[in-house]
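Peer 1:
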Amino acid sequence: MASAWQRLALRASLLNSQLSGVLGVIRWARRVRSIYSATGKWTKEYTLQTRKDVEKWWHPRIKAQASDTLEADKSKPKFYMLSMFPYPSGKLHMGHVRVYTISDAIARFQKMRGMQEITTCLPDYYKWTQFLFIKLHEAGLAYQKEAMVNWDPVDQTVLANEQVDEHGCSWRSGAKVEQKYLKQWFIKTTAYAKALQEALADLPDWCGIKGMQAHWIGDCVGCHLDFRLKLGEHATGEKLTAYTATPEAVYGASHVAISPSHALLHGGSPLKEALRQALVPGQDCLTPVVAVNMLTQQEVPVVIASADLEGSPDARIGIPSTSSEDALLAQTLGLAYADVIETLPDGTERLSSSAEFTGMARQDAFAALTQKAREKRVGGHVTSSKLRDWLISRQRYWGTPIPVVHCPACGPVPVPLEDLPVTLPSITAFTGRGGSPLATASEWVHCSCPRCQGAARRETDTMDTFVDSAWYYLRFTDPRNAHSPFSPASADYWMPVDLYVGGKEHAVMHLFYARFLSHFCHDRKMLRHREPFRKLLAQGLIKGQTFRLPSGQYLPREQVDFTGPVPVHAETRAELEVTWEKMSKSKHNGVDPEAMVGQYGIDTVRLFLLFAAPPEKDLLWDLQTDALPGVLRWQQRLWSLATRFIEARASDSCPQPQLLSEEDNAKARKLWEYKNSVVSQQAPQAVVQHSPEFEDALCALVVMAAPLAPHIASELWAGLALVPRKLCTHYAWDAGVLLQAWPAVDPQFFQQPDVVEVAVLINNKACGKVPVPQQVSRDQDKVHELVLQSELGARLLQGRSIKKAFLSPRTALINFLVQE
């Protein structure tokens, strides 16, 4: 209906003043469009109340517009923009606000440029995260073993090494972490270490993040191999995994060494007593336990090392042929071994006494032996000595249940896919409501084995939330799929993610896990692309000012006295250490996003976060500066500019470009030339009222402000849409500002002269102009050279010491700073 009114208004604008009454009716009808005011009247002043009213009106409408899901049009280019999901321990903080502001602004910009912006919903993660776990289990990449773990005594759960800070405290509760031995579930990420390391070379620069990933993985030079354990002639059914940097020489092994802290000596192993009896602290100790190599079937003794082994593996294969330390230990303990490395006269090394690998060059034997181990599923995945498998067990109610049933006869059995999702019992049952908590828990835990139908127990551990966040980028490509986590066709169209935005603190652990799951899905033929993220924007931290006593205690700002030359404790007068640190509740330097939005508005906070610092840099949140009010004043100037235009066009007289003077036309031409970056508020009233260039420049400015400040831009656009007799017809006036196309530069703008007159300044003083070919006018080195070769340059610069030169291509100016 609105478009009909627009067409009628366009025709009516060509009539004489006898139709002014009709135009008045049309203008009234247009003013009942979807702006915040029920009366349709434009508010001249952009006050705090105006800001609140605008955001209250537009926020639900913008949100509803963004949640509309359309089928992908594969004839259009795609742009997959994704921000890291939050896992907050409480309220969202300013760091979350920053990452989503950056992501939202970029996504809206790309959509206005014609890209399809993928939309997200709340996926049912229970079922499909469990589905992927079972696929990992089927591939031999999910397993359970007893291990020493980090235990949070407050949260009563296991923590990954990365979730323990440098002081040995939990990253969530802050409690001192304890060491325990528990049976835990692991995902064998080490199986993909080499592939993940090598794939980094094909990724674009990630501003140091690739180096962090490479360091995290380590040098992939060896592998783990599996051993069966026995005491005397009696097999115990236990398995030991040990690392070696030279698996090709494994036929020359003399022993397997374990650390004194190994779970075999501290957990529930039946071998614990035999091992502990052999232990002599501080010495390398031979034990009666024998390890049988599951690949070669060789038997070697288990040795307890004198100290914990370097690196991550807590068990290593001793091979004297390739290690002088292993040779010394074997000699000291009297262990037998074969020398399996033979050096030829030309320096080439080959294998001897190594079964079918005998005679092979070491490099070829390495590849052949590790491949055979992988085929037999007894290790062989090339990895580093520092990388550990991913411990995913968590002892807490919330989280994705691990879909496994423990059967006395069958062992751990995955839940059948058709029985997914496995959901936890209602939490109300554990609070005494709706029945006996113990009875309800027992009913849930006790179940039948899916394989033999015998009595069994459910796994009660849940998965770490990092498992959920390791694959959501794939679910978002096909969020409503009820038959699989995602369809290959949808994933292949949208993937990889074109731009991934998140905090630097997740640039190692989360990114590694996400890359691992993507590589795994690729190998399972679920996904064409191996790497999940094309470009990464690791945003900087938001830091707040902290005030710390000499004891290390952090003080809230209200306990600090700022009246003196340095901040002091208001009570004790103790001088405080003032630093900038990541916002944290424990450091009393956080900012409540809701409070900031309540005081300044959504758009103002968004603009501040976007302009206060480049996205990849840390942002210092200083409440004493004028930054937030300054951003607000910019919005007020934009509002005032639109208001001036609306008022100028509100009169009954039609805009008549032919009335503009030569001087006004020159100013209008300048607006056309710089409409992508400049709109002068000093334009004469005649230019505002009659110039199509002013109207186009103002519209372009509002459109370009929309991704950054969508609420005020939506209101300004609605106001511009009310103006009758518009001169610019290339905008979609029936659609909101966020649905407009990104402004394009007029092709005429590129029809520039072959020669550009570049103004030459010396120490900021204009000295003349030098003609420069247009095609090199943006190249500072070439412009510099041409100026020096010119008559002006030879006269004014020859023989003088030039410290620096600055070229401004937009203004065709070069400034030479010279030694006086």
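Take the sequence shown: its letters are residues -24 to -1, 1 to 796, numbered as in mature numbering (1 follows the signal peptide of the UniProt record, and there is no 0). Glycine residues also receive a C-beta, built at the ideal position from the N, C-alpha and C atoms.
(1) According to the Cβ coordinates, are T272 and V226 closer than 9 Å?
(2) With burial defined as no fewer than 16 other Cβ atoms inside 10 Å of the residue's Cβ, what is the status of E539: buried or exposed?
(3) Please list the segments of the alpha helix (DSSP H) lying wholly inside the stretch 267 to 352, counting only runs of 4 or more residues, in order along the chain.
(4) Closest to M502 by C-alpha separation, out of Q339, S463, R771, would be which residue?
(5) Tell me M124's beta-bridge partners as DSSP assigns them.
(6) In chain order, which continuous runs of the alpha helix (DSSP H) of length 4 or greater are located wholly inside the stretch 584 to 623?
(7) Rounded to the nearest angstrom, what separates A314 and G228 at their Cα positions?
(8) Assuming L285 and S235 are in contact, meaning their beta carbons sit under 8 Å apart, how far apart are those beta carbons, in whole angstroms?
(9) Considering only residues of the same chain and omitting the five flanking positions on each side of D178, which have a CB-CB separation below 8 Å?
(10) Would you kindly check if the distance between the Cβ of K28 and the Cβ of K121 is under 9 Å?
(11) Distance, Cα to Cα, R364 vs Y168?
(12) Return the chain-ordered list of same chain residues with a C-beta closer than 7 Å to the C-beta of M188, the five sequence neighbours on each side being excluded.
(13) Anyone know if the C-beta pair for I110 and V391 falls short of 9 Å?
(14) In terms of residue numbering, what span does the alpha helix (DSSP H) encompassing C497 cover?
(15) Compute the beta-carbon to beta-carbon distance between L692 and L614, rounded to the nearest angstrom, for a pair I have assumed lies under 8 Å.
(16) Cα separation between W127 and L240?
(17) Would you kindly report the start and end of the unbroken beta strand (DSSP E) that includes G355?
(18) Count the other CB atoms within 10 Å of the CB of T548; is the residue buried (16 or more) or exposed (fewer)?
(19) Can you tell me whether K170 is buried or exposed? The criterion is at least 16 other CB atoms within 10 Å of its CB, across all chains shown.
(20) What residue range does the alpha helix (DSSP H) around L240 cover?
(21) In whole angstroms, give me the CA-to-CA distance for A254 and K362.
(22) When we look at the beta-carbon of N565 and count the other beta-carbons within 10 Å, is it buried (16 or more) or exposed?
(23) Is the stretch 461 to 481 touching the stretch 381 to 401 in the sense that three or more CB pairs, one from each, lie closer than 8 Å?
(24) For G516 versus P590, is the C-beta spacing smaller than 9 Å?
(25) Is the distance from the Cβ of V664 to the Cβ of F670 below 9 Å?
(26) Classify M188 as helix, strand or coil using the three-state DSSP reduction.
(27) What's the gap between the Cα of R625 and the Cα of V699?
(28) Distance check for D499 and Y562, CA to CA, integer angstroms please.
(29) Only counting the same chain, and skipping five residues up and downstream in sequence, which positions put a Cβ closer than 7 Å to that of Y707?
(30) Taking DSSP as the reference, what is the three-state secondary structure of E394?
(31) From this set, S402, G577, P36, V748, which residue's C-alpha is nearest Q25's C-alpha?
(32) Evaluate the contact criterion for the stretch 373 to 393 versus the stretch 431 to 439: three or more CB pairs, one atom per stretch, below 8 Å.
(33) Whose C-beta lies closer than 8 Å to the C-beta of R427 among residues of the same chain, with five residues either side of it excluded?
(34) What does the Cβ neighbour count give for H238, buried or exposed, with the cut at 16 atoms within 10 Å?
(35) Using the rule of at least 16 other Cβ atoms within 10 Å of the residue's Cβ for burial, across every protein chain shown, is R782 buried or exposed?
(36) Taking three-plus beta-carbon pairs below 8 Å as touching, is the stretch 311 to 330 in contact with the stretch 199 to 209?
Peer 2: Judging by the given coordinates:
(1) Taking 9 Å as the Cβ cut-off, T272 and V226 qualify as a contacting pair.
(2) Inspection of the sequence shows that residue 539 is occupied by Thr rather than by Glu. It is exposed - the Cβ of T539 has fewer than 16 other Cβ atoms within 10 Å.
(3) Qualifying alpha helix (DSSP H) stretches, in chain order: 300 to 309, 338 to 351.
(4) With respect to the C-alpha of M502, the residue from Q339, S463, R771 having the closest C-alpha is S463.
(5) In DSSP, M124 forms a bridge with Y157.
(6) Taken in chain order, the whole alpha helix (DSSP H) runs of length 4 or more contained in the stretch 584 to 623 number zero.
(7) Looking at the backbone, the Cα of A314 and that of G228 are separated by about 5 Å.
(8) About 5 Å separates the CB atoms of L285 and S235; that is less than 8 Å, so the two are in contact.
(9) For D178, the CB contacts under 8 Å within the same chain, skipping 5 residues up- and downstream, are E507 in chain order.
(10) No, the Cβ-Cβ distance between K121 and K28 is not below 9 Å.
(11) R364 and Y168: Cα-Cα distance of roughly 11 Å.
(12) Taking C-beta separations shorter than 7 Å and ignoring five residues to either side along the sequence, the partners of M188 in its chain run A483, V484, following chain order.
(13) Here I110 is near V391, since their CB atoms are less than 9 Å apart.
(14) Counting along the chain, C497 sits inside the alpha helix (DSSP H) bounded by residues 485 to 499.
(15) Contact between L692 and L614 holds, since their C-beta atoms are separated by about 7 Å, short of 8 Å.
(16) Straight-line Cα distance between these residues: approximately 18 Å.
(17) From DSSP, the beta strand (DSSP E) with G355 extends over 355 to 359.
(18) With fewer than 16 Cβ atoms within 10 Å of its Cβ, T548 is classed as exposed.
(19) For K170, the number of other beta carbons within 10 angstroms of its own is at least 16, and it is reported as buried.
(20) Here the alpha helix (DSSP H) through L240 covers 239 to 242.
(21) Whole-angstrom Cα-Cα distance: 28 Å.
(22) With 16 or more neighbouring CB atoms inside 10 Å of its own CB, N565 falls in the buried class.
(23) Touching, no, given that fewer than three Cβ pairs across the two stretches are closer than 8 Å.
(24) Contact annotation: G516 and P590 have beta-carbon atoms nearer than 9 Å.
(25) Contact flag set, yes.
(26) Correct three-state label for M188: helix.
(27) In a straight line, the C-alpha of R625 is about 6 Å away from that of V699.
(28) A quick correction: the sequence has Ser, not Tyr, at residue 562. Their backbone Cα atoms lie some 44 Å apart in a straight line.
(29) Cβ neighbours of Y707 beyond the five flanking positions: C675, Q716.
(30) Here DSSP, grouped into helix, strand and coil, assigns E394 to helix.
(31) The option with the nearest alpha carbon to Q25 is G577.
(32) Per the Cβ contact rule, the stretch 373 to 393 is in contact with the stretch 431 to 439 (3 or more Cβ pairs under 8 Å).
(33) Result list for R427: C383, C386, V389, in chain order.
(34) With 16 or more other Cβ atoms within 10 Å, it is buried.
(35) Note that residue 782 corresponds to Phe in the displayed sequence, not to Arg. Around the beta carbon of F782, a 10 Å sphere encloses fewer than 16 other beta carbons of the protein chains shown; the residue is thus reported as exposed.
(36) Taking a contact to require three or more Cβ pairs closer than 8 Å, the stretch 311 to 330 and the stretch 199 to 209 do not qualify as touching.
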